[in-house]
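Undergrad: Per UniProt numbering, the very first residue in the sequence shown carries number 1; after that it's consecutive.
Beta carbons are placed, not taken as given, at the ideal position from N, Cα and C, and that holds for glycine.
Provided herewith is a single structure, encoded as structure tokens, for subsequent inquiry.
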Amino acid sequence: MFATVVLVDLLAAMLVLWWLWIEPPVFADLGRSVLITVGGLFSAELTWRLERQRRQLTDTPHVNMSSVAILAVTLVSGPVAGSMAAAVLYLHLWWRASRWTSGIAPYRAVFNTSAMIISACVSYGVVRGVSSGNVLSAPSDVSALVLLAAIATFWLVNTLAVGAAIATAEKQRSIAGIVGGWSANALEIVTLFLGAVTAVFVELRPWLALFLLPLVYVLHRSDSVKHLEIAASTDRKTGLLNMETWRCLAEAGLRKARRHHVPTAVLMLDLDFFKRINDTHGHLFGDDVLRAVAQVITSETRRTDLVGRFGGEEFVIFLSDVNLGGATEVAERIRCAVAALEIVPSEGSSSSAVPVRVTVGVACDNGYGGDEVDLSELLLSADNRLFFAKGQGRDRINAGYTRQAR
């Protein structure tokens, strides 16, 4: 990772010097650049507490609103002014949010600034390469295409730079962990569109840009609140629903199933001899096992199914519109997929995969009859069947109706 960071920092410095030589900033344009940068600082100052919380809650690439001002300044005043805006905004971001977050060293703030500078310089190069004159002063269909090209270039270069650094530092990351998920990238693209709109407004009527400040603030706040809601509803270790959220959603799903008279089922899963795995290979490896099993369960269930971590090494699933046979089939798929896992400890004397097995209790209700089964009864029945299955030898399924089938 160190080599990637140094390379990105050097490239950013070289690009700034290059543009400073061939197209130095015009003094008359600096006033508008300062106006945009101050607006970016004002927006960042309003949301720095949320930004700090968001950085503490996620370890994947995420978006702040700095690109709005950076791209706008770049389009209005050129890449040198855009680079200066990036330095000012990221210094403020580091001072207000990043330096208080564990694990974020100053060199990472410098790297993020350099990635933004490279993105600004390259995107401006695209604008200058495919257009003649100022594309902002005379909007047209061609100008719109040029701005779209600048937005796409800015996003692509920044994504590649940040993704390369993460990939070289943590080789076990998923694609989403390297370049960010769809929602994060969509938000970044939206902020770049706002940056282009800001540049057009400042070029034509500078006071119009003031109307964009509330929009940037609301966008940042809504995204931060979304991260907080996700953090409050999920289990940090596995990424599944925590028990409180699972119960709330499952009760709502059960009520809906009652109205439509469709069957429901609850699956209770318990990892066999998990304490032995922890004692032999350590709790960190045990956490790896929990995450791997959680991924298996998620992959073997529908997106509409509710999957949660019940506690410890136990998981729970709520299925709607699934009869006893269907629920048993889901349980069997999960059991076989877990048994097929090959998880090798990263440290220690063992170089072979550690066997992982799961026992499942399945409780089903067909959704008919006046004497309704509530969620607690489904959970209790699934737990009892799980206990019975473990008593029969583990790595097996015990399934049945919560009450006598009606």
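Shortest alpha-carbon distance to Gly326 belongs to which of Phe285, Phe201, Thr359, Cys364?
TA: Out of Phe285, Phe201, Thr359, Cys364, Cys364 has the C-alpha closest to the C-alpha of Gly326.
Undergrad: Could you tell me the distance, in whole angstroms, from the CA atom of Leu7 to the CA atom of Leu145?
TA: Cα to Cα, the separation comes out at about 31 angstroms.
Undergrad: Whole angstroms is fine: what's the gap from His92's alpha carbon to Gly82's?
TA: Spanning the two alpha carbons is a distance of roughly 15 angstroms.
Undergrad: Helix, strand or coil for Ser114, going by three-state DSSP, please let me know.
TA: Helix, per DSSP.
Undergrad: For Val330 versus Leu341, is the C-beta spacing smaller than 8 angstroms?
TA: Cβ distance not < 8 angstroms, so Val330 and Leu341 don't count as in contact.
Undergrad: Taking the alpha-carbon positions, what's the Phe274 to Asp395 distance?
TA: Answer to the nearest angstrom: the Cα atoms are 12 angstroms apart.
Undergrad: For Leu249, which residues of its own chain have a beta-carbon under 8 angstroms away from its beta-carbon, when the five flanking residues on both sides are left out?
TA: Taken in chain order, the residues that qualify are Leu241, Leu306, Phe318.
Undergrad: So is residue 410 buried or exposed if we call it buried at 16+ other beta carbons inside 10 Å?
TA: Coverage of the chain is limited to positions 1 through 406, which leaves residue 410 absent and any answer about it impossible.
Undergrad: Look at the alpha carbon of residue 432 and the alpha carbon of Ser123, and state the distance between them as a whole number of angstroms.
TA: Nothing about residue 432 can be read from this structure; the chain reaches only from 1 to 406.
Undergrad: Mind checking who Ala363 pairs with in its DSSP beta bridge?
TA: Bridge partners of Ala363: Val266, Gly400.
Undergrad: For Leu41, which of Ser67, Val26, Leu30 has the nearest alpha-carbon?
TA: Nearest option by C-alpha distance: Ser67.
Undergrad: Please go through the same chain and pick out, in chain order, the residues whose beta-carbon is closer than 8 angstroms to the beta-carbon of Thr304, but skip the five residues on each side of it.
TA: Counting only Cβ-Cβ distances below 8 angstroms, and skipping sequence neighbours, we find Ser320.
Undergrad: Here's the rule I'm using: 16 or more other beta-carbon atoms within 10 Å means buried, otherwise exposed. How should Ser346 be labelled?
TA: Looking at its Cβ environment, which holds fewer than 16 other Cβ atoms inside 10 Å, Ser346 is exposed.
Undergrad: Could you check what DSSP says for Leu210 in three-state terms: helix, strand or coil?
TA: If DSSP states are grouped into helix, strand and coil, Leu210 belongs with the helices.
Undergrad: Please look up how many angstroms separate the CB atoms of Leu271 and Glu313, rounded, as I've assumed it's under 8 angstroms.
TA: Between Glu313 and Leu271 the Cβ distance is about 4 angstroms, and since that is below 8 angstroms, they are a contact.
Undergrad: I think Ala184 touches Met268, with their Cβ atoms under 8 angstroms apart; what is that distance to the nearest whole Å?
TA: Not a contact, Cβ separation roughly 34 angstroms.
Undergrad: Measure the C-alpha to C-alpha separation of Val202 and Ile151 and round it to an integer number of angstroms.
TA: When rounded, the distance between both Cα atoms is 17 angstroms.
Undergrad: On the three-state DSSP scale, how would you describe residue 407?
TA: Since the first and last residues shown for the chain are 1 and 406, residue 407 lies out of range.
Undergrad: How should Ser102 be labelled, buried or exposed, when 16 other C-beta atoms within 10 angstroms of its C-beta is the threshold for buried?
TA: In this prediction, Ser102 scores a pLDDT of 48, lower than 50, which makes its location untrustworthy; no coordinate-derived value is stated.
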